[in-house]
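Protein chains in written order, with this note's numbering: chain A, 6 to 307; chain B, 8 to 342.
Right under this line is the structure:
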């Protein structure tokens, strides 16, 4: 008995068919860019989780004797502050590491809110059709008509500046993409036979929507959520930079940049490093998103 | 064709209505009503408050207020700025040419570099040139442009002293503004040094704003070109003995450009988003800068009117792109 199961699993030719996870990994690891993206994201997550241990100093601790110390490899730099200090003597490296935690948190929270609402609305639109669909989709059209940063600014104008409100604003900006994707996927799946058979077996609309159909629409949503991380981080930094997002002394990369503007000529490092951190993080998520798309959605692969 | 145009144009009416609703809601969702904001810390006696509410029309029902708002918008009245006391529409129209000028040159920069880069990457697929183009394009796509703009200023303006740091033209020039487009106005005035000054002020903001569109266009051109190069008619053209460059530039490129045109149209919203950041950094006197000042000063009529106008522009441009696409591709028109 045990032997025959093993034979089935191994297939007739004796080679085991790869499991779904393994198959996914084989496809994903094809691309060097995707692997670099994954490695960077893992490193960033480690930095974010271990910020308290890894960062040499507390992010808001001011060392008044050491303001605007250049990075260690510059003349006048000190090994005590590897990436130098900012205008009020805070350690740049520690602030950047804590900023990683903040940026990933902003990404995670806004993408989660947006994904949850987006899937719900998209599912309703795609499953119920009719007036519900028209209403939801027209609303999304309106939101898409506004350039993303402008929409975020409009939301912040209503809610007031601040980190939490910036996250809500970004969640709203990301929303139409998830709604559209879910609706399209649901409409493609809803007519298939497995859905019919589940309905005939007595599944109610809620079960059909979330338990039968949804698991088959996840691939594009995962890809979009990964790319949503990069949009969220970029927009949050832009809002912080404009003074509409995280407020000082929060070690958020965008507001760090804004606070350092007047020192750009004297101390370029206070401007260079936060921007570099944003670029690397956004790049990492974009690389990972592209890799996921190629691996999960072979149709789009070239 | 006319039916196609009308059908597409009708589709945007609900979106316009939605945008006016959004702009209307903006004012009503803000905590505290305008009268309360006027009264400030000291408060206001109930009688005066009631009179002001009546004066602003805020004592009417919401649907009534909305209907009046739409009526005002349709007659071109977008309210008055709380800080400058100028009509919002007039302010927008004065500043808009500066934004168009910047966006136009940003797009030129993106096209002039992006199209050739994409074509080269497609022709030299999987070579160093391809990887370089794709790497640069991915970096450009991930770029926080407010930081990129600062780096450009730091290097070209501060270190090398090649370009000015901010503004549209040096203060010593006093050019009569006829069109609002600085380059045209300086040319019309025949003032060459003013023209040179205006051009040098445009370079860095255009590069900063054009970087993301450049990345998108290069990527899109590459993948579109790769697809077209596999087509039978390209092989046929080669087989009948046409030179390689002619096949690429005449047969392939023309068809590869169709999806690229759509992408270019879709960049307009992105350009306006980017203009907000670019204009803020370079103190460029355009609508992006104006809107941010409006938000920071809590000048709600400016924010409301600005959002409405920008949305209207994006919707209209998308409609035009849609129609152009129908003109180039009959399958869409009759679909």
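Backbone N, C-alpha and C fix where the C-beta goes; we use that ideal spot for every residue, glycine too.
Check: Which term fits residue 10 of chain B, buried or exposed, when burial requires 16 or more other beta carbons within 10 angstroms of its beta carbon?; Outcome: exposed
Check: With a CB to CB cut of under 6 Å and the five nearest residues on each side skipped, what residues in its chain are close to residue 222 of chain B?; Outcome: 144, 147, 148
Check: Rounding to the nearest angstrom, what Cα-Cα distance links residue 264 of chain A and residue 253 of chain A in this structure?; Outcome: 8 Å
Check: Exposed or buried, what is residue 202 of chain A when buried is set at 16 or more other beta-carbons lying within 10 Å of its beta-carbon?; Outcome: exposed
Check: Could you please give me the residues that DSSP links to residue 96 of chain A through a beta bridge?; Outcome: A/90
Check: Report the CB separation of residue 183 of chain A from residue 239 of chain A in whole angstroms; it is logged as a contact under 8 Å.; Outcome: Not quite, the Cβ-Cβ distance comes to about 18 Å (not below 8 Å), so this is no contact.
Check: Please classify residue 83 of chain A: does DSSP put it in a helix, a strand, or coil?; Outcome: strand
Check: Whole angstroms are fine: how far does the CA of residue 111 of chain B sit from the CA of residue 273 of chain B?; Outcome: 14 Å
Check: To the nearest angstrom, how far is the alpha carbon of residue 327 of chain B from that of residue 318 of chain B?; Outcome: 14 Å
Check: In chain B, which residues lie less than 9 Å from residue 158 of chain A when you measure between Cβ atoms?; Outcome: 283, 298, 299, 302, 310, 314
Check: Name, going along the chain, the residues of the stretch 162-177 of chain A whose beta-carbon falls closer than 7 Å to a beta-carbon of chain B.; Outcome: 162, 163
Check: Cβ atoms of residue 223 of chain A and residue 127 of chain A: under 7 Å apart, would you say?; Outcome: no
Check: Using the C-alpha atoms, what's the distance from residue 54 of chain B back to residue 23 of chain B?; Outcome: 38 Å
Check: Closest Cβ-Cβ distance between residue 154 of chain B and chain A: below 7 Å?; Outcome: yes
Check: Do residue 244 of chain B and residue 258 of chain B have their CB atoms nearer than 7 Å?; Outcome: yes
Check: Are residue 95 of chain B and residue 102 of chain B closer than 7 Å when you measure CB to CB?; Outcome: no
Check: Could you tell me whether any Cβ in chain A is nearer than 7 Å to the Cβ of residue 322 of chain B?; Outcome: yes
Check: With DSSP run on the structure shown, which of helix, strand or coil describes residue 134 of chain B?; Outcome: coil
Check: Across which residues does DSSP place residue 72 of chain A in a beta bridge pair?; Outcome: Note: residue 72 of chain A sits in no beta bridge, so no partner.
Check: With C-beta atoms as the reference, is residue 175 of chain A less than 7 Å away from residue 237 of chain A?; Outcome: yes
Check: Nearest by alpha-carbon distance to residue 147 of chain A: which of B/162, B/209, B/315 is it?; Outcome: B/315
Check: Quick one: what's got a C-beta closer than 7 Å to residue 16 of chain B's C-beta in the same chain, skipping five residues either side?; Outcome: 326
Check: Counting only beta-carbon atoms, is residue 41 of chain A nearer than 7 Å to chain B?; Outcome: no
Check: Listing by chain order, which chain A residues have their CB less than 7 Å from the CB of residue 148 of chain B?; Outcome: 291
Check: If you follow the alpha helix (DSSP H) that residue 11 of chain B is in, where does it begin and where does it stop?; Outcome: 9-36
Check: Check whether the Cβ atoms of residue 288 of chain B and residue 116 of chain B sit closer than 7 Å, and answer yes or no.; Outcome: no
Check: Starting from residue 87 of chain B, follow its DSSP beta bridges and name the residues at the other end.; Outcome: B/94
Check: Is it a yes or a no for the stretch 122-137 of chain B touching the stretch 215-233 of chain B, going by three-plus beta-carbon pairs under 8 Å?; Outcome: yes
Check: Between residue 11 of chain A and residue 259 of chain A, what straight-line distance do the alpha-carbon atoms span, to the nearest angstrom?; Outcome: Its pLDDT being 47, under 50, residue 11 of chain A is placed unreliably in this model, and the coordinates cannot settle the point.
Check: From residue 235 of chain A to residue 277 of chain B, what does the alpha carbon distance come to, in whole angstroms?; Outcome: 15 Å
Check: Under the rule that 16 or more other beta-carbon atoms within 10 Å means buried, what is residue 95 of chain A, buried or exposed?; Outcome: buried
Check: Specify the secondary structure class of residue 300 of chain A as computed by DSSP and reduced to three states.; Outcome: helix
Check: Quick one: grab the DSSP three-state call for residue 55 of chain B.; Outcome: helix
Check: Mind listing the chain A neighbours of residue 26 of chain B? Cutoff is C-beta to C-beta under 7 Å, in chain order.; Outcome: 147, 150
Check: Quick one: list the residues of chain B neighbouring residue 273 of chain A, beta-carbon separation under 8 Å, in chain order.; Outcome: 161
Check: For residue 192 of chain B, which of helix, strand or coil comes out of DSSP?; Outcome: helix
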